[in-house]
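FYI, the numbering for the sequence shown is 13 to 84, going by our numbering.
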Amino acid sequence: MESMFQDAAAFDTDIRGWAGKGLSPDATKGMFLGATAWLSKYKRVVLNGEDYDGDGELDNGPPSAWALRSTT
């Protein structure tokens, strides 16, 4: 899954149901890097000031670590 949607400018399909259970953080590294439509529609879940898995990379998967951005 690493770099799967990298630079996919038009991709914004909701795949947040993909859990990616059992994958190491490296397996989804850069998954959404440069995926401009996805990055404008979704945001990486941040808990207590830390990103989802603590890796510091806000363009990584898994997709289940993302939420819709507020439209208000």
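The C-beta atom is built at its ideal place from N, Cα and C for all residues, glycine as well. These figures come from a predicted structure and were not determined experimentally.
Excluding its 5 nearest sequence neighbours in each direction, F23 has C-beta neighbours in its own chain below 8 Å: F17, A47, A49, W50, listed in chain order.
For K55, the enclosing beta strand (DSSP E) has its first and last residue at 54-56. Burial state of T40 is buried, judged by a 10 Å Cβ sphere holding 16 or more other Cβ atoms. Counting C-beta atoms within 10 angstroms of its own C-beta, G29 has fewer than 16 neighbours from the protein chains shown and is therefore classed as exposed. Sorting L45, S52, G42 by C-alpha distance to the C-alpha of S82 places S52 at the top.
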